[in-house]
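The UniProt record's numbering applies: residue 1 is where the sequence shown begins, and numbers increase by one.
Every residue gets a Cβ at the ideal spot worked out from N, C-alpha and C, and that includes glycine.
For clarity, every value in this text was computed on a predicted model and none was experimentally measured.
Notes for the one structure printed next.
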Amino acid sequence: MSWLHIAVLLPLIFAVIIPILYRFQKRIHLGWFVLPVPVVLFIYFLTYISTTMSGNPILRHLNWMPQFGMNFDLYVDGLSLLFSLLITGIGSLVVLYSIGYLSKKEQLGNFYCYLLLFMGAMLGVVLSDNVIILYLFWELTSFSSFLLISFWRTKQKPLYGAQKSLIITVFGGVSLLGGIILLSIAGNSTSIRELIANADQIQTSPYFILAMVLILLGAMTKSAQVPFYIWLPDAMEAPTPVSAYLHSATMVKAGIYLVARMTPIFAVSQGWIWAVTAVGLITLFWASLNATKQQDLKGILAFSTVSQLGMIMAMLGIGAVSYHYQGENSQLYAAAFTAAIFHLINHATFKGGLFMVAGAVDHSTGTRDVKKLGGLLTIMPITFTITIITALSMAGVPPFNGFLSKENFLESMLEVTNAGIFSLNTIGILIPIVAIVGSIFTFVYSVRFIGQIFLGSYKPDQLPNKPHEVSILMLLSPGILAILVIVFGFFPGIIANTIISPAVNAVSKTPIGHVEFHFFHGFTPAFFSTLAVYAVGILMILTFSYWVRLLKAQPDVLKFNHWYDTIGDYIPSTSSKLTNSYVTGFTRNNLIIIFISLIAITAVTLLVTPFSLNFDEVSQIRPFELIIIVIILTAATMIVFARSRLFSIIMASAVGYSVAIFFIFFNAPDLALTQFVVESISTALFLLCFYHLPNLNRHKETPSFKLTNFLVALGTGAVVTILGLIAYSNRYFDSINSFYKEHVFDLAHGKNMVNVILVDFRGTDTLFESSVLGIAGLGVYTMIKLRAKHKHEYEGGQDDEQTE
Numbered sequence: 001m002s003w004l005h006i007a008v009l010l011p012l013i014f015a016v017i018i019p020i021l022y023r024f025q026k027r028i029h030l031g032w033f034v035l036p037v038p039v040v041l042f043i044y045f046l047t048y049i050s051t052t053m054s055g056n057p058i059l060r061h062l063n064w065m066p067q068f069g070m071n072f073d074l075y076v077d078g079l080s081l082l083f084s085l086l087i088t089g090i091g092s093l094v095v096l097y098s099i100g101y102l103s104k105k106e107q108l109g110n111f112y113c114y115l116l117l118f119m120g121a122m123l124g125v126v127l128s129d130n131v132i133i134l135y136l137f138w139e140l141t142s143f144s145s146f147l148l149i150s151f152w153r154t155k156q157k158p159l160y161g162a163q164k165s166l167i168i169t170v171f172g173g174v175s176l177l178g179g180i181i182l183l184s185i186a187g188n189s190t191s192i193r194e195l196i197a198n199a200d201q202i203q204t205s206p207y208f209i210l211a212m213v214l215i216l217l218g219a220m221t222k223s224a225q226v227p228f229y230i231w232l233p234d235a236m237e238a239p240t241p242v243s244a245y246l247h248s249a250t251m252v253k254a255g256i257y258l259v260a261r262m263t264p265i266f267a268v269s270q271g272w273i274w275a276v277t278a279v280g281l282i283t284l285f286w287a288s289l290n291a292t293k294q295q296d297l298k299g300i301l302a303f304s305t306v307s308q309l310g311m312i313m314a315m316l317g318i319g320a321v322s323y324h325y326q327g328e329n330s331q332l333y334a335a336a337f338t339a340a341i342f343h344l345i346n347h348a349t350f351k352g353g354l355f356m357v358a359g360a361v362d363h364s365t366g367t368r369d370v371k372k373l374g375g376l377l378t379i380m381p382i383t384f385t386i387t388i389i390t391a392l393s394m395a396g397v398p399p400f401n402g403f404l405s406k407e408n409f410l411e412s413m414l415e416v417t418n419a420g421i422f423s424l425n426t427i428g429i430l431i432p433i434v435a436i437v438g439s440i441f442t443f444v445y446s447v448r449f450i451g452q453i454f455l456g457s458y459k460p461d462q463l464p465n466k467p468h469e470v471s472i473l474m475l476l477s478p479g480i481l482a483i484l485v486i487v488f489g490f491f492p493g494i495i496a497n498t499i500i501s502p503a504v505n506a507v508s509k510t511p512i513g514h515v516e517f518h519f520f521h522g523f524t525p526a527f528f529s530t531l532a533v534y535a536v537g538i539l540m541i542l543t544f545s546y547w548v549r550l551l552k553a554q555p556d557v558l559k560f561n562h563w564y565d566t567i568g569d570y571i572p573s574t575s576s577k578l579t580n581s582y583v584t585g586f587t588r589n590n591l592i593i594i595f596i597s598l599i600a601i602t603a604v605t606l607l608v609t610p611f612s613l614n615f616d617e618v619s620q621i622r623p624f625e626l627i628i629i630v631i632i633l634t635a636a637t638m639i640v641f642a643r644s645r646l647f648s649i650i651m652a653s654a655v656g657y658s659v660a661i662f663f664i665f666f667n668a669p670d671l672a673l674t675q676f677v678v679e680s681i682s683t684a685l686f687l688l689c690f691y692h693l694p695n696l697n698r699h700k701e702t703p704s705f706k707l708t709n710f711l712v713a714l715g716t717g718a719v720v721t722i723l724g725l726i727a728y729s730n731r732y733f734d735s736i737n738s739f740y741k742e743h744v745f746d747l748a749h750g751k752n753m754v755n756v757i758l759v760d761f762r763g764t765d766t767l768f769e770s771s772v773l774g775i776a777g778l779g780v781y782t783m784i785k786l787r788a789k790h791k792h793e794y795e796g797g798q799d800d801e802q803t804e
């Protein structure tokens with residue numbers, strides 16, 4: 001196992017250790033013990049920068065289940081390193097922020113366990129070279145985010161948001177699983193590197209389009225694109241550190257990573273280009289439009305996150321156009337990749353800081369409602385300074401880093417209209433229009449975010465708490481992010497060719513050269529578009545109260561949440577009615593449904609499938625075997641007509657003991673002994689159970705009741721008999737018993753073949769059977785404990801009433 005594997009597993013290991021530590025140590029805030037994990041990992045990943053800059057990716061191999069194509073292979077190139085630095089770097093600041101945000105009275109053991117679990121899962125997603133391992137970590141991010149969102153599980157809104165996020169992202173995860181299975185079949189590999197190398201073979205496969213659609217569904221759900229974005233605003237009910245980490249820098253960017261990673265395979269398809277670009281732009285427009293009418297600070301930031309993700313997704317779609325050109329033209333459109341990667345970094349800095357600011361304001365004032373906020377400039381001056389830096393960066397205002405990537409975004413959107421493929425030079429004219437309109441609304445909600453909190457009139461009577469500047473621990477992390485916003489704005493060269501260029505080269509068809517960013521590129525269409533964004537944005541801010549009424553009057557049918565809730569209410573009620581129609585609480589009804597289904601399915605299969613019966617090799621029935629058969633049939637018949645429960649139990653035992661005698665005649669004494677023991681225990685348990693059951697009178701059963709039982713039993717017996725004869729008559733392979741006989745000693749070092757089969761040759765099967773029994777035992781134990789607890793509470797309640 002390499003150091004890289006240890007780096008991925010380290011958060012998962014600490015996710016187990018931290019809750020144990022929390023049980024024994026509560027004097028010091030648990031976050032101080034967690035903080036070294038992301039810090040050490042961040043420093044470790046910084047050491048890979050020189051390697052990725054030289055264009056030499058690193059592969060670390062670890063055999064796990066090679067027979068299933070599941071090797072724990074990790075791959076570090078510019079793209080995976082970029083995301084690893086974001087995961088660990090922002091993770092370090094989030095943990096530091098959480099120390100000041102979360103009280104020691106909270107369930108910190110659970111919180112940091114979930115957070116570390118998520119961190120390890122995200123590292124696994126971006127570093128895995130095996131698509132199946134990537135999928136396992138992908139689903140782990142959904143599960144851990146569900147736990148984090150529902151951290152305050154006593155409240156209804158966090159539970160609703162967690163459930164919605166899990167349903168939507170798991171739906172995308174199942175789609176992704178189907179896509180990577182098809183992709184692995186088409187590319188004859190589960191390695192991402194080999195799949196990219198076999199891209200020509202995959203592109204001619206009949207599975208290509210379906211795999212592309214399924215993978216895009218997985219990416220769109222995780223990165224909150226239209227129409228799947230609805231889970232993200234509701235996830236804002238999670239603690240602010242969770243929002244700052246999952247929903248600004250990491251989890252929501254997993255879909256971005258997947259699209260970027262799969263671009264070399266699918267970029268040849270115009271469906272990929274149009275789908276990624278169009279969905280991204282629609283998401284940018286729709287989310288930025290809805291962000292302007294939000295009244296909750298985190299609601300504004302949630303919709304702004306969705307819009308920014310749409311912007312990055314659109315740039316990845318435009319960058320894919322470069323795969324259809326050569327030379328300078330290819331690099332011209334690949335510049336969209338550069339803009340996407342740069343904005344990915346910028347978004348993590350300013351949005352992470354803004355979420356922390358929202359948490360600070362909520363922590364100070366006790367509310368996130370913008371109607372109650374205002375006039376906090378002089379009360380929270382440091383928070384105001386951080387807010388104005390990060391919010392203006394999000395708005396795309398110079399001299400902050402968001403302006404640089406926003407300019408590159410507009411340039412890419414305008415340049416693509418010159419492409420002579422896929423109607424980009426005709427209908428593609430809508431691309432820059434939608435991009436500019438979305439940027440206008442982004443400017444509006446970013447500027448208003450500042451004014452709604454810190455400007456305007458101060459309303460102390462509407463605030464639950466007396467506002468004050470928050471602690472240094474809550475200001476340090478957003479302060480560092482605000483400094484990075486300024487540094488990356490004035491000195492983008494720091495990351496241009498160390499982080500951005502290697503990441504772009506991992507996605508682009510042709511390697512890009514030296515990367516530079518400038519505040520002023522001349523009087524270009526992008527420059528005038530930016531001026532238009534500022535001018536129209538200021539005008540819309542001044543007239544906000546007039547046009548926002550129309551926006552708030554949006555009918556329910558245009559809201560994706562309306563359709564989610566409608567379907568969410570319909571499915572449970574319908575499934576409940578369907579389930580109640582056949583789950584009646586009577587075992588007989590359940591058995592009849594099972595056996596009739598068995599009879600029907602088998603009958604249909606036998607009708608459409610040719611089969612033959614061969615009695616040539618059937619051994620003759622010996623007289624003593626015939627006697628035992630008569631005993632079994634007689635005992636079974638007497639069970640039907642018995643009027644005494646005791647007599648029924650004795651006859652059922654007679655059937656079991658007779659079968660055990662068969663095992664003796666067939667030279668299987670071990671099985672016979674086991675059968676005798678099982679029958680004896682079963683008889684004793686039956687007698688014990690029936691002693692406590694109510695005395696039901698079976699003689700009120702109607703003739704139709706008995707006839708139904710008879711027909712179902714007769715049909716089930718006939719089906720099982722026919723299947724047994726067919727299986728005996730149609731043997732396509734040699735029996736495995738000869739293998740067991742030959743190797744029972746040399747491979748398993750045992751003399752008892754039955755024991756060796758159960759313990760060695762079929763050890764996994766036996767292990768799972770034992771696990772089932774163990775789980776059943778835990779279930780029985782839990783039910784007994786719950787019954788005892790409820791009985792105690794009930795008796796205690798009665799005593800209290802009597803006392804009163």
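{"query": "Residue from Glu328, Gly656, Phe662 and Lys559 whose Cα sits closest to the Cα of Ile512", "result": "Glu328"}
{"query": "Pick from Val39, Leu82, Val34 and Gly31 that is closest to Met53, judged by C-alpha positions", "result": "Leu82"}
{"query": "Start and end residues, alpha helix (DSSP H) containing Tyr732", "result": "Element bounds for Tyr732: n/a, residue is neither H nor E."}
{"query": "Reference Ile632, options Ala660, Gly280, Phe342 and Gln331, closest by Cα", "result": "Ala660"}
{"query": "Segment contact, 8 angstroms Cβ cut-off, at least three pairs: the segment 503-520 with the segment 121-133", "result": "no"}
{"query": "Residue interval of the alpha helix (DSSP H) (run including Tyr112)", "result": "Leu108 to Leu127"}
{"query": "For Leu591 and Met651, the rounded distance between their alpha carbons", "result": "21 angstroms"}
{"query": "Whole-Å CB distance - Leu551 paired with Lys293, under 8 angstroms assumed", "result": "5 angstroms"}
{"query": "CB contact flag (Phe488, Asn401, <8 angstroms)", "result": "yes"}
{"query": "Where the alpha helix (DSSP H) containing Leu176 begins and where it ends", "result": "Gln156 to Gly187"}
{"query": "Nearest-angstrom Cα separation, counted from Ile58 out to Phe45", "result": "12 angstroms"}
{"query": "Exposed unless 16 or more other CB atoms sit within 10 angstroms - verdict on Gly317", "result": "buried"}
{"query": "Spatial neighbours of Val485 in its chain, beta-carbon cut-off 8 angstroms, leaving aside the 5 residues before and after", "result": "Asn346, Thr349, Phe350, Gly353, Ile389, Thr390, Ser393, Phe400, Asn401 and Gly402"}
{"query": "Trp547, buried or exposed, once every other Cβ within 10 Å from all chains shown has been counted against 16", "result": "exposed"}
{"query": "N- and C-terminal bounds of the alpha helix (DSSP H) containing Arg588", "result": "Thr587 to Val608"}
{"query": "Span of the alpha helix (DSSP H), counted from its first residue to its last, around Tyr546", "result": "Phe544 to Lys552"}
{"query": "Leu148 and Leu96 closer than 8 angstroms at C-beta", "result": "no"}
{"query": "Touching by the beta-carbon criterion (3+ pairs, under 8 angstroms), the segment 332-347 and the segment 431-441", "result": "no"}
{"query": "Contact between the segment 266-285 and the segment 415-424 (3+ Cβ pairs under 8 angstroms)", "result": "yes"}
{"query": "Cβ pair count under 8 angstroms reaching 3, the segment 372-381 against the segment 452-463", "result": "yes"}
{"query": "CB-CB length for Ile18 against Val40, believed under 8 angstroms", "result": "About 15 angstroms separates the two Cβ atoms, so there is no contact after all."}
{"query": "Close Cβ partners of residue 814 (< 8 angstroms) along its chain, the five nearest in sequence each way excluded", "result": "Because the chain spans 1 through 804 in this model, residue 814 falls outside it and cannot be assessed."}
{"query": "Pick from Pro467, Thr385, Val618 and Pro36 that is closest to His363, judged by C-alpha positions", "result": "Pro467"}
{"query": "7 angstroms CB neighbourhood of Phe137 in its chain, flanking five on each side removed", "result": "Ala121, Gly124, Val125 and Ser128"}
{"query": "One or two residues paired with Asp296 in a DSSP bridge", "result": "Asp369"}
{"query": "Same chain, Cβ closer than 6 angstroms to Glu801, neighbours up to 5 away in sequence not counted", "result": "With a pLDDT of 39 at Glu801, under the threshold of 50, the predicted position of this residue should be treated as unreliable, though the coordinate-derived value follows. Same-chain partners within the cutoff: there are none."}
{"query": "For Arg193, three-class secondary structure by DSSP", "result": "helix"}
{"query": "Beta-bridge partners of Asn130, as assigned by DSSP", "result": "Ser191"}
{"query": "Sequence-distant residues of the same chain with beta carbon closer than 7 angstroms to Gly299, five excluded per side", "result": "Pro233 and Met236"}
{"query": "Val744 vs Val759 beta-carbon contact at 8 angstroms", "result": "no"}
{"query": "Backbone CA spacing between Gln798 and Lys785 [nearest angstrom]", "result": "Residue placement at Gln798 is flagged as unreliable, the pLDDT there being 46, under the threshold of 50; the coordinate-derived value follows with that caveat. Between Gln798 and Lys785, the C-alpha separation is close to 20 angstroms."}
{"query": "Contact belief for Leu258 with Gly218 at Cβ below 8 angstroms, rounded distance in angstroms", "result": "7 angstroms"}
{"query": "Length at least 3, wholly inside the segment 29-97: the beta strand (DSSP E) runs in chain order", "result": "58-60 and 74-76"}
{"query": "Ala334 versus Val321 - alpha carbon distance", "result": "8 angstroms"}
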